[in-house]
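Quick notes on the structure that follows.
Numbering (my numbering), first residue to last: 7 to 110.
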């Protein structure tokens, strides 16, 4: 679990993370998102919106961590959603999430 947060921090430092609902949605719809992470304590509406959007745009979506943990990992305030905009970071993070059993 710590590894995922560390990788999110590295991706953020590299400028490859869009955070917050509006930025995440923009990244998905513009085709820049390779992976979406939604916090487990996000509202049902948020979870449903990203589930449907990611299915439509064929972007992998995972529920992981809390809003506080996701925000802390990227050095920001609470965030209910993140989009990884780099293919390599997304692949590495997705692999870790699957090992933790956070698949669809």
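Just so you know, even glycine gets a beta-carbon here, dropped at the ideal spot from N, CA and C.
Sequence-distant residues of the same chain with beta carbon closer than 8 Å to residue 19, five excluded per side: none
Residue 41 (DSSP reduced to helix, strand or coil): strand
For residue 16, tell me which candidate among 60, 92, 57 has the shortest Cα-Cα distance. 92
Integer Cβ distance of residue 24 from residue 32, believed to fall under 8 Å: 7 Å
Nearest to residue 53 (by Cα), restricted to the options 70, 38, 81: 70
Alpha helix (DSSP H) segments (min. 4 residues) lying fully within the segment 56-87: 73-79
What does the alpha-carbon distance come out to for the pair residue 37 and residue 86? 20 Å
Measure the alpha-carbon distance for residue 107 versus residue 8 and round it to whole angstroms. 15 Å
Suppose you measure from the CA of residue 22 to the CA of residue 44; what does that come to, to the nearest Å? 16 Å
Out of curiosity, what's the CA-to-CA distance linking residue 59 and residue 30? 11 Å
Is the beta carbon of residue 65 sitting closer than 8 Å to the one on residue 48? no
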